[in-house]
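In UniProt numbering, the protein residues as written are 1 to 122. This report concerns only the one structure given below.
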């Protein structure tokens, strides 16, 4: 093979690469245009957004406030020697309102958290 054949093959390869890149770009651009038009058609079929008067609003009594209370675990009763307890015989909640509603305060000399590295209760 002569050098001229290699040059012609390389030139044809460069043209082929440019044409392939251009065709790939056109394909990607067409896919993006199709995806946007498909999304617009899907959005047109959706229900309309609620108007401002249909939005949720505060009750007439005003905002609902939180209730902060101390809770205690509601233990499952022991059934030694008796029949077993079924789920419908248990309470609905796993905790109950505590008798002492005062907030527990930090005690000086106690650690700040579990594994906090403090001395703990001294």
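Where is the CB? At the ideal position from N, CA and C, for every residue including glycine.
Which class does residue i belong to by DSSP, given the choice of helix, strand or coil?
{"i": "residue 96", "result": "strand"}
{"i": "residue 134", "result": "Past the edges of the chain, shown from 1 to 122, lies residue 134, and the structure says nothing about it."}
{"i": "residue 85", "result": "coil"}
{"i": "residue 34", "result": "helix"}
{"i": "residue 58", "result": "coil"}
{"i": "residue 53", "result": "helix"}
Taking residue i and residue j to be in contact with their CB atoms under 8 Å, please state how far apart those CB atoms are, rounded to whole angstroms.
{"i": "residue 51", "j": "residue 71", "result": "Residue 51 to residue 71, Cβ: 42 Å. No contact."}
Looking at the unbroken beta strand (DSSP E) that takes in residue i, where does it start and where does it end?
{"i": "residue 72", "result": "71–73"}
Keeping to the same chain, check which residues put their C-beta closer than 8 Å to that of residue i; ignore five residues upstream and five downstream.
{"i": "residue 85", "result": "76, 77 and 79"}
{"i": "residue 103", "result": "70"}
{"i": "residue 91", "result": "74"}
Spatial neighbours of residue i within its chain, please: C-beta separation below 6 Å, excluding the five flanking residues on both sides.
{"i": "residue 73", "result": "95"}
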